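Below you'll find the structure, written out as structure tokens, and then a few comments.
Chains as they are written, first to last, in my numbering: chain A, 12 to 124; chain B, -9 to 102.
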């Protein structure tokens, strides 16, 4: 199975600032996804990171707030812009392997003060 | 719209017990169903993947079953251990949208 590394693992940020989360996979994958897990909640898909083109965002998520880059088949970044306390969540990168099985990184725990 | 429900929301058992976690989904047109484990503040670990054509999958002390017609899956954990304490999530991928819809999870505590 793919090994997925996320940085940072956790951070505490001030309101109004932006944070970029990195996701590195140890093999080339076609599909990469970014999820958000708010405190006490289940996972919500933010967007599908497409290599070489703009990300595909889910309803309720917009590029200005969550810009995503996918420069190659092993790396992606998610930026959380102009943060507010409501953005405090765990952000998770995931990939799909050929069997259809989904694998996740360890997550990036963000606290906004 | 697919909805996934997990019952119970929380479960506390003594070590050594066999237990069953339940997952139900509203639309039976699924591509696959996956069970995950999540430790507090961490990412998700894939436990078992069941394709729509399969009825069950086994890994060690874990067995997951799938009944598409009734919209149900169960995760059976044999001889539970304190290290099994975690939140267990099921997720369903629809055939149409190919996106995973997650349940709200069952928080399991196994006491020594």
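Where a beta carbon is used, it is the ideal one built from N, C-alpha and C, also for glycine.
It should be emphasised that the depicted structure is a prediction, and the values quoted were computed from it without experimental measurement.
* Asked: Does the Cβ of residue 82 (chain B) have 16 or more other Cβ atoms within 10 Å, making it buried, or fewer, making it exposed?
  -> buried
* Using only alpha-carbon positions, find the residue among B:32, B:19 and B:5 that is nearest to residue 118 (chain A). => B:32
* **At least three beta-carbon pairs within less than 8 angstroms, the segment 18 to 27 of chain B to the segment 77 to 91 of chain A** => no
* **For residue 74 (chain B) and residue -3 (chain B), the rounded distance between their alpha carbons** => 17 angstroms
* **Entirely enclosed beta strand (DSSP E) segments - the segment 47 to 99 of chain B, minimum 3 residues** => 52 to 57, 62 to 67, 76 to 84 and 90 to 92
* To do: Select from the segment 102 to 121 of chain A all residues with a C-beta closer than 7 angstroms to any C-beta belonging to chain B, and list them in chain order.
  => 103, 110, 111, 112, 113, 114, 115, 116, 117, 118 and 120
* To do: Work out the CA separation of residue 8 (chain B) and residue 100 (chain A) for me, nearest whole Å.
  => 33 angstroms
* **Straight-line gap, residue 55 (chain A) to residue 46 (chain B) (C-alpha atoms, nearest Å)** => 26 angstroms
* Asked: Apart from the five residues on each side of it in sequence, which residues of its chain come closer than 6 angstroms, Cβ to Cβ, to residue 43 (chain A)?
  -> 60, 87 and 106
* **Neighbourhood of residue 72 (chain A) by C-beta distance below 8 angstroms, restricted to the same chain and skipping five residues each side** => 57 and 58
* **Within chain A, partners of residue 24 (chain B) - CB distance below 7 angstroms** => 112 and 113
* **Cβ pair residue 35 (chain A), residue 85 (chain A) closer than 8 angstroms** => yes
* Asked: Can you list, in chain order, the residues of the segment -2 to 18 of chain B whose Cβ is nearer than 8 angstroms to any Cβ on chain A?
  -> none
* **Integer Cβ distance of residue 79 (chain B) from residue 34 (chain B), believed to fall under 8 angstroms** => 7 angstroms
* Going along chain B, which residues have a C-beta under 8 angstroms from residue 53 (chain A)? -> 79, 92, 93, 94 and 95
* To do: Report back the beta-carbon spacing between residue 116 (chain A) and residue 49 (chain A) to the nearest angstrom; my notes put them in contact at under 8 angstroms.
  => Wrong, their Cβ atoms sit about 18 angstroms apart, outside the cutoff.
* Asked: CA-CA distance, residue 48 (chain B) and residue 60 (chain B)?
  -> 21 angstroms
* **Own chain residues within Cβ distance below 8 angstroms of residue 84 (chain B), not counting five before or after** => -8, 17, 19, 20, 21 and 91
* Distance between beta carbons of residue 114 (chain A) and residue 12 (chain A), contact taken as under 8 angstroms -> 6 angstroms
* Taking only beta-carbon atoms, is residue 37 (chain B) less than 8 angstroms away from chain A? -> no
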